[in-house]
Every structure is written in structure tokens, then in C-alpha cells.
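Novice: In full-length UniProt numbering, the protein residues as written are 1 to 332.
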């Protein structure tokens, strides 16, 4: 059981009614709180919850339409995303209870100050290196449309300026990260055909690929529903057409690909998690056609080259700079 869920269950009497659990972990919490429902935006967690608690977890970037009498937000890593989610929940809870739970290392004490906008918060519990806060929503806000919180910026590419639309919670929100910047400089001489942008974030690489290789069929894939929504906005802002998929890792990707391009993630919330990236490297041969190429950027300290060589039989460092390396390999 996730330690945040354990803290909730220490106060289980508070959570017996119609409750929405926003950003809940994929543990047994729904099995214990029988009247609760979930709201999830992580495709892997949603699949696990659906397998165990069918029809009890809503997936997407907006709160479910069904009414709820109280809500718990599991604090996300992003402060911008927390603002959006707290606003969305509080706008539906006039005179009722909103709870916030999170790890101390995740900044729960600072985040609890955000509850002052709705009423007078109080700390209910502190255990398992987590805290649980409660506020009665005396000042319900007007719900903010998600797109109104988008950050927009422009990339000067050789093919012309590319408009990027980023949403709260998306990797490198509102700016171009150094790894992707390096990879954008090395998109030349890629095979034309079926191309995957793995871990697409706001769609920077996928949009740049489609701009540079308009005849290619580009698929953008991310585990996070907010990233998928941002990628669709980025494509639309540039008049580009591509497939966008929300799925849990490389297993959700098409096969028989000509190119896999990625700035792969290695964090889940505040925790380091290499599983998605390592699965991508180990299973790349299953998704690439013969002669297909994988090109990715990663922090120089990550030992990805042996994994790529193990999967594809070859790997070279194409470029290096600012603490990042670009790896290139071809399926023989």
C-alpha cells in the first residue's frame, strides 16, 4: 500500500461517503474505500485500477462529471498542476471538504498553503513521511479551463518557427529542455516512414519530425494524459497531422517502425524510475523493422549504451554536449 494511502486509512472514518480520489496510486485504496471513485491521468495506473476495480476510475485531464461529496488530491510533483487540480476540485465542493495528501519530500507543507484560497486549512495527520490536510471550501473558485493555463513558446527551426503548447504537469513545462534541444540539432538523415516519438511530452520532437519529414507517418506516445493533450495542441497550433496515443510505455506503441526517437523519462513524480526507459531500450527490436533506427538523447551519466547494444547489437554516440549524449543504433 502506498504510504499516502496508509495515511488516509488512519482517518478512514472521514472517507466513507461519496469521495473522489484524484491522482490516486494503483494500490488497494479503492478496495478499502468502497464508496470512493478515482480520477487518474497516468495510463499505467489507470490500466491497473481498471483491472482490479472496473468502472471505478475516471481517466483524463478534466474531473469526472459524476457528483462527489468530498475529494482527496494526491499531491503531484508539479506546483502548476496542483493549482489546476485543486481549483477544479474546489469549484465543485462549496461548503464541503477538500483534502490534500502528499509526501514531505514532495513539498506537502508548502503545497498546503494553496488551500488558504478556499478556507482555513488544518493538518489532520503526519505519518509514513506524509501529511494529510483538510479544508472546508468556503470560497469556491470558478473552474479554470485547462487550455487557459497553457504556456506557449516558439522554436526557431530551419523549416520555420514551431509553436509549442505546454500544459501544467508536462515535462519541461513552458520551456525547451537541454536534452531535447540537443536532439533537435541531430534529426538529419532519418529514415522516412513510420516514426515514433516516445515520451512525447508537449510534442516538441513529434511536431519537429512531422515538419521536417512531412511524408512520414508520425505517432506520439506518452503515459500522461496532460502530455497527450499538450501534444495535440502543439500539432494543431502548427497545422500538423499525427497520431497521438496515451499508453503505458513501449508496449503501447505500434510495431514495424522505421524510427524511434526519444528523450525518455526517468522520473515518476518525485521518485527516480528507469523502468519505462529501460523497457524501451530492451524491447526496441520488437518495434523496429529491419534497418529501422533508434535515436535518443539521455543524461551522460545514464548507462544506456550497453542496453541498446544488447537489444540491437550496435550503438554509437552521435553527439555529446551540456551533460547529454545522443545515441544512435540500427536494427540489423
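From the three backbone atoms N, C-alpha and C, an ideal C-beta is built for every residue, glycine too.
Taking just the CA atoms, how far does residue 59 sit from residue 267?
Specialist: Summary for residue 267: the model assigns pLDDT 45, below 50, so the residue's position carries little reliability; its value from the coordinates is reported in the next sentence. In a straight line, the C-alpha of residue 267 is about 21 angstroms away from that of residue 59.
Novice: Based on DSSP bridge pairs, tell me the residues matched to residue 324.
Specialist: According to DSSP, which records beta bridges pairwise, residue 324 is partnered with 299 and 321.
Novice: Going by DSSP in three states, residue 120 sits in which element: helix, strand or coil?
Specialist: Coil at residue 120, not helix or strand.
Novice: Can you tell me which of 261, 111 and 185 puts its alpha carbon nearest to the alpha carbon of residue 219?
Specialist: For residue 219, the nearest C-alpha among the options comes from 261.
Novice: Quick check on the DSSP output: the beta strand (DSSP E) that includes residue 278 runs from which residue to which?
Specialist: Per DSSP, residue 278 belongs to no beta strand (DSSP E); it is in the alpha helix (DSSP H), 275-287.
Novice: Classify residue 213 as helix, strand or coil using the three-state DSSP reduction.
Specialist: Looking at residue 213 - three-state DSSP - the assignment turns out to be coil, as it is neither helix nor strand.
Novice: Alpha carbon to alpha carbon, how far is residue 224 from residue 84? Give it in angstroms, no decimals.
Specialist: Each residue's Cα considered, the two are about 15 angstroms apart.
Novice: For the alpha helix (DSSP H) that contains residue 52, what are its first and last residues?
Specialist: Element bounds for residue 52: 43-52.
Novice: I need the straight-line Cα distance from residue 169 to residue 232, nearest angstrom please.
Specialist: Their Cα atoms are separated by approximately 15 angstroms.
Novice: Taking residue 102 and residue 111 to be in contact with their CB atoms under 8 angstroms, please state how far apart those CB atoms are, rounded to whole angstroms.
Specialist: Confirmed, about 6 angstroms.
Novice: In chain order, what residues of the same chain lie with their CB nearer than 6 angstroms to the CB of residue 107, ignoring the 5 residues before and after it?
Specialist: There are no such residues.
Novice: Using CA coordinates, which residue listed in 66, 320, 113 and 290 is at the minimum distance from residue 193?
Specialist: Comparing Cα-Cα distances from residue 193 to each of 66, 320, 113 and 290, the minimum goes to 290.
Novice: Check whether the Cβ of residue 261 lies closer than 8 angstroms to any heavy atom of the ligand NAP, and answer yes or no.
Specialist: Looking for the ligand NAP in the displayed structure turns up nothing, as the structure carries no ligands at all.
Novice: So within the region 168-256, which uninterrupted beta strand (DSSP E) runs reach at least 3 residues, ignoring any that extend past its ends?
Specialist: Counting only runs of 3 or more, we get 194-198, 217-222 and 243-246.
Novice: What number of angstroms, rounded off, separates the C-alpha of residue 128 from the C-alpha of residue 208?
Specialist: If you take the alpha carbons of residue 128 and residue 208, they lie about 44 angstroms apart.
Novice: So, with DSSP's three-state summary, where would you put residue 114?
Specialist: Looking at residue 114 - three-state DSSP - the assignment turns out to be helix.
Novice: Go to residue 99, then tell me how far its alpha helix (DSSP H) extends in each direction, as first and last residue.
Specialist: Segment 97-103 is the beta strand (DSSP E) holding residue 99; no alpha helix (DSSP H) there.
Novice: Any idea what DSSP makes of residue 270, helix, strand or coil?
Specialist: Here residue 270 scores only 45 on pLDDT, less than 50, and its place in the model is too uncertain to base an answer on.
Novice: How many angstroms separate the CA atom of residue 136 from the CA atom of residue 92?
Specialist: Residue 136 and residue 92: Cα-Cα distance of roughly 12 angstroms.
Novice: In whole angstroms, what is the alpha-carbon distance linking residue 105 and residue 130?
Specialist: Whole-angstrom Cα-Cα distance: 8 angstroms.
Novice: Measure the CB-CB distance between residue 166 and residue 242 and report whether it falls below 9 angstroms.
Specialist: Not in contact: residue 166 and residue 242 (Cβ atoms no closer than 9 angstroms).
Novice: From what residue to what residue does the alpha helix (DSSP H) around residue 165 run?
Specialist: Not the alpha helix (DSSP H): residue 165 falls in the beta strand (DSSP E), residues 160-166.
Novice: Leaving out the 5 sequence neighbours to the left and right, which residues in its chain are closer than 6 angstroms to residue 217 when beta-carbon positions are compared?
Specialist: Hits under 6 angstroms: 194.
Novice: In its own chain, which residues sit with a C-beta less than 7 angstroms from the C-beta of residue 142, not counting the 5 before and 5 after it?
Specialist: Here the set comprises 91.
Novice: If you measure between the beta carbons of residue 78 and residue 24, is that distance less than 9 angstroms?
Specialist: Contact flag unset, no.
Novice: Check the DSSP bridge columns for residue 19 and list the partner residues they point to.
Specialist: BP columns for residue 19 point to 36 and 70.
Novice: Less than 9 angstroms between the C-beta atoms of residue 62 and residue 146, yes or no?
Specialist: A contact, by the Cβ cut-off of 9 angstroms.
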